[in-house]
Amino acid sequence: MKLFIDVIGWIGSIEVILAYGLNSYQKINSNSLLFQILNLTGAGFLIANTVYYGAFPSAFINVIWVLIAIPAIYQILKNRKTSL
């Protein structure tokens with residue numbers, strides 16, 4: 008179990024860094040579905056990792072990250088649907 012938690016923690020970290028880096032170098036927009044999905048899944052994986060290790064302040068910030076990403080994804084998908 009520990010190995011699994013460690014692996015998803017690393018994957019989550021990579022996803023969040025990748026989203027930030029791609030956005031910072033203007034390869035993706037913060038309003039893109041890819042950016043929001045990377046943040047959502049990255050934060051979700053980090054929540055599992057930080058809760059497992061009892062790092063609750065880190066878990067808290069990642070819960071906030073998820074709560075930001077979910078409505079953003081909904082809005083992106085809603086806008087796509089109405090523009091068709």
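Numbering-wise (the numbering used here), the sequence shown opens with residue 8 and increments by one. Yeah, the Cβ is synthetic: ideal placement off N, Cα and C, and Gly gets one too.
Taking only the alpha-carbon atoms, compute the straight-line gap between Gln-43 and Ile-83 and give it to the nearest angstrom. 9 Å
Can you tell me where the alpha helix (DSSP H) holding Tyr-81 begins and where it ends? 63-90
Which same chain residues end up closer than 6 Å to Ser-37 when comparing Cβ atoms and leaving out the 5 residues on each side of it in sequence? Asn-30
Contacts around Asn-23, its chain only, beta-carbon distance under 6 Å, and the 5 residues preceding and following it disregarded: A small correction: the amino acid at residue 23 is Val; Asn does not occupy that position in the sequence shown. For Val-23, where only same-chain residues beyond five positions count, the Cβ hits under 6 Å are Gly-49.
Cβ neighbours of Phe-63 in the same chain (closer than 8 Å, five flanking residues each side left out): Thr-57
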